[in-house]
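A.B. asks: Letter by letter, the sequence shown follows residues 1 to 310 in full-length UniProt numbering.
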Amino acid sequence: SSPPPLAPFDHRIVTPKPHQIATIYTINRDEVLGGGRFGQVHKCTENSTGMMLAAKIIKARSQKEKDVVRNEIQVMNQLNHANLIQLYAAFESRHDIILVMEYVEGGELFDRIIDENYNLTELDTVLFIRQICEGLQYMHKMYILHLDLKPENILCVSRATNKIKIIDFGLARRYKPREKLRVNFGTPEFLAPEVINYEFVSFPTDMWSLGRPLPFLGDDDNETLNNILACQWNFEEEEFTDISDEAKDFITRLLVKSKSWRMSAAESLRHPWLSDRSLHYRLNQKVNDTLHKRDKGVIWSGDHLTKPQL
Ligand code: ADP
Numbered sequence: 001s002s003p004p005p006l007a008p009f010d011h012r013i014v015t016p017k018p019h020q021i022a023t024i025y026t027i028n029r030d031e032v033l034g035g036g037r038f039g040q041v042h043k044c045t046e047n048s049t050g051m052m053l054a055a056k057i058i059k060a061r062s063q064k065e066k067d068v069v070r071n072e073i074q075v076m077n078q079l080n081h082a083n084l085i086q087l088y089a090a091f092e093s094r095h096d097i098i099l100v101m102e103y104v105e106g107g108e109l110f111d112r113i114i115d116e117n118y119n120l121t122e123l124d125t126v127l128f129i130r131q132i133c134e135g136l137q138y139m140h141k142m143y144i145l146h147l148d149l150k151p152e153n154i155l156c157v158s159r160a161t162n163k164i165k166i167i168d169f170g171l172a173r174r175y176k177p178r179e180k181l182r183v184n185f186g187t188p189e190f191l192a193p194e195v196i197n198y199e200f201v202s203f204p205t206d207m208w209s210l211g212r213p214l215p216f217l218g219d220d221d222n223e224t225l226n227n228i229l230a231c232q233w234n235f236e237e238e239e240f241t242d243i244s245d246e247a248k249d250f251i252t253r254l255l256v257k258s259k260s261w262r263m264s265a266a267e268s269l270r271h272p273w274l275s276d277r278s279l280h281y282r283l284n285q286k287v288n289d290t291l292h293k294r295d296k297g298v299i300w301s302g303d304h305l306t307k308p309q310l
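1) What do you reckon, are the CB atoms on Tyr143 and Tyr103 nearer than 8 Å?
2) Would you decide whether Pro18 is buried or exposed? Buried here means 16 or more other CB atoms lie within 10 Å of its CB.
3) To the nearest angstrom, how far is it from the Cα of Lys259 to the Cα of Glu116?
4) Given this structure, state the Cα-to-Cα distance separating Ser278 from Glu246, to the nearest angstrom.
5) Measuring only the C-alpha atoms, how far is Arg12 from Pro204?
6) How many Å lie between Trp208 and Ser48 at the Cα?
7) Are at least three pairs of beta-carbons, each pair with one atom in the region 52 to 60 and one in the region 81 to 100, less than 8 Å apart?
8) Going by Cα to Cα distance, which pick from Leu145, Pro151 and Leu155 is closest to Pro5?
9) Excluding sequence positions up to five away, which residues of its chain have a Cβ less than 7 Å from the Cβ of Leu123?
10) On a CA-only basis, which of Cys133, Thr161, Tyr88 and Gln20 is nearest His271? Give me that one, please.
11) Would you say Leu155 touches the ligand ADP, meaning its beta carbon is less than 7 Å from a heavy atom?
12) For the ligand PLP, I want to know if Gly135 counts as a neighbour, meaning its beta carbon is within less than 7 Å of at least one of the ligand's heavy atoms.
13) Have a look at the DSSP bridge pairing and note the partners of Gln40.
14) What are the start and end residues of each continuous beta strand (DSSP E) run of 3 or more residues lying completely inside the region 87 to 157, in chain order?
15) Just checking my contact of Leu210 with Asn162 at CB under 8 Å: how many whole Å lie between their CB atoms?
16) Tell me whether Leu33 counts as near the ligand ADP, meaning its Cβ is closer than 7 Å to at least one heavy atom of that ligand.
17) Tell me whether Ala54 counts as near the ligand ADP, meaning its Cβ is closer than 7 Å to at least one heavy atom of that ligand.
18) Of the residues Asn153, Leu145, Ile166 and Ile167, which one's Cα is nearest the Cα of Lys180?
19) Straight-line CA distance for Asn28 to Gly35?
20) Using beta carbons (cut-off 8 Å, strictly below), is Pro151 in contact with chain C?
21) Just checking my contact of Pro151 with Phe200 at CB under 8 Å: how many whole Å lie between their CB atoms?
22) In chain order, what residues of the same chain lie with their CB nearer than 6 Å to the CB of Ala266, ignoring the 5 residues before and after it?
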């Protein structure tokens with residue numbers, strides 16, 4: 001239950017520098033860590049220290065595009081927490097802005113969830129969700145919304161442990177009480193009713209994405225959206241037969257249509273599913289009992305997931 005390792009550098013306030021990144025860092029162009037909406041993320045090394053980092057190259061030509069990336073930098077400047085990926089430097093040129101960040105090597109939680117060879121247990125899910133809640137509790141305390149939480153934006157620190165860090169603050173922003181947000185990309189499964197309805201977004205909007213949508217899946221995106229809006233879901237799917245009542249109760253308290261009735265991050269951390277040690281002991285026993293069986297598919301099971309094509 002200890003937090004993940006801190007970034008290998010102290011938190012720092014970053015302002016984008018106009019000079020060329022190539023003199024200070026070596027970007028490994030062949031090693032792509034991931035593709036994003038607006039560019040690619042590469043492994044990179046700081047020449048003077050040999051420190052391994054990740055460079056996110058974001059195409060930004062117009063002032064408007066550049067302002068969006070500057071917002072991402074501003075947000076990261078305010079966030080100093082072990083569960084949130086840390087920003088190290090930024091470089092701005094005519095066609096792009098490069099963010100140099102703490103690098104973690106365990107890959108996306110998404111890939112672990114869909115990996116047939118990885119037996120994701122309920123206890124693993126507890127550990128993941130608890131760390132996401134820790135990160136979110138801190139962000140919300142700093143008055144910042146993430147607004148793009150999904151398993152692709154959660155990175156594992158290593159393959160061997162269950163430590164995670166939240167990434168991608170591209171949509172994150174300071175909470176403004178009367179801001180509406182239209183989101184018209186990504187997988188509809190993660191959209192909260194207030195986003196689909198173009199109503200005010202707030203801290204509970206992030207909590208919805210956490211409670212998230214397995215029970216809502218329709219046969220197609222339209223049906224999924226309608227299920228979310230009608231708050232129509234159930235635990236009858238095969239995936240839920242083996243999970244604890246505490247887990248079901250946890251999800252039930254997040255997937256609440258009305259924002260103000262959802263659990264906050266702090267409340268989530270106090271919920272028995274995340275906090276009751278005797279429950280965790282029982283879940284651990286169950287893991288040991290079923291170690292040789294294939295006990296697939298708990299809450300964040302990925303059987304139904306498909307990665308959006310970029
Ligand atoms: P976008 O905002 O364009 O979607 P992300 O910040 O989500 O970009 O990064 C895209 C992908 O790159 C991630 O899903 C992840 O696989 C990889 N990635 C991003 N940041 C890091 C990092 N700090 N360390 C390792 N891999 C990363």
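Quick reminder that beta carbons are idealized off the backbone N, C-alpha and C, glycines included. No experiment lies behind these values; they were computed from the predicted model shown.
C.D. replies: Taking the geometry as given:
1) As a first step, residue 143 must be located in the sequence shown, where it is residue number 143. As a first step, residue 103 must be located in the sequence shown, where it is residue number 103. Cβ atoms of Tyr143 and Tyr103: not closer than 8 Å.
2) Numbered from 1 along the sequence shown, position 18 holds the residue referred to as residue 18. Its Cβ having fewer than 16 others within 10 Å, Pro18 is exposed.
3) In the sequence shown, residue 259 corresponds to position 259, counting from 1. In the sequence shown, residue 116 corresponds to position 116, counting from 1. Using only the alpha carbons, I get a separation of about 35 Å.
4) Within the sequence shown, the letter at position 278 stands for residue 278. Within the sequence shown, the letter at position 246 stands for residue 246. Going from the Cα of Ser278 to the Cα of Glu246 covers about 12 Å.
5) Working through the sequence shown from its first residue, we reach residue 12 at position 12. Working through the sequence shown from its first residue, we reach residue 204 at position 204. Computed Cα separation, rounded: 29 Å.
6) Here residue 208 corresponds to residue number 208 of the sequence shown, with the count starting at 1. Here residue 48 corresponds to residue number 48 of the sequence shown, with the count starting at 1. Put simply, the backbone Cα of Trp208 is about 43 Å away from that of Ser48.
7) Because the criterion of three Cβ pairs below 8 Å is met, the region 52 to 60 and the region 81 to 100 touch.
8) The residue you call residue 5 lines up with position 5 of the sequence shown. Comparing Cα positions, the closest option is Leu155.
9) For the purposes of this step, residue 123 is taken as the residue at position 123 of the sequence shown. If we look at Leu123 and ignore the five residues flanking it on each side, its Cβ neighbours are His280, Leu283, Asn284 and Val287.
10) Counted from its first residue, the sequence shown places residue 271 at position 271. Out of Cys133, Thr161, Tyr88 and Gln20, Cys133 has the C-alpha closest to the C-alpha of His271.
11) Taking the sequence shown and counting its residues from 1, one reaches residue 155 at position 155. Checking every heavy atom of the ligand ADP against the Cβ of Leu155, one is found closer than 7 Å.
12) The model on display carries the ligand ADP but not the ligand PLP.
13) Position 40 of the sequence shown, counted from the first residue, corresponds to residue 40. Gly35 and Ile57, per the DSSP bridge assignment.
14) 87 to 92, 96 to 102 and 154 to 156
15) Working through the sequence shown from its first residue, we reach residue 210 at position 210. Working through the sequence shown from its first residue, we reach residue 162 at position 162. At roughly 16 Å, the Cβ-Cβ gap does not stay under 8 Å, so Leu210 and Asn162 are not in contact.
16) Indexing the sequence shown from 1 puts residue 33 at position 33. The closest heavy atom of the ligand ADP lies less than 7 Å from the beta carbon of Leu33.
17) By one-based count along the sequence shown, residue 54 stands at place 54. At least one heavy atom of the ligand ADP is nearer than 7 Å to the Cβ of Ala54, so yes.
18) In the sequence shown, counting from the first residue as 1, residue 180 sits at position 180. Measuring from the Cα of Lys180, the nearest candidate turns out to be Leu145.
19) Here residue 28 refers to the residue found at position 28 of the sequence shown. Here residue 35 refers to the residue found at position 35 of the sequence shown. Distance between the alpha carbons of Asn28 and Gly35: 14 Å.
20) Absent from the structure is chain C; it holds one protein chain and no more.
21) Here the question's residue 151 lines up with position 151 in the sequence shown. Here the question's residue 200 lines up with position 200 in the sequence shown. Actually they are not in contact, since the Cβ atoms of Pro151 and Phe200 sit about 26 Å apart, beyond 8 Å.
22) As a first step, residue 266 must be located in the sequence shown, where it is residue number 266. Closer than 6 Å at the Cβ level, and outside the excluded window around Ala266, lie Gln137.
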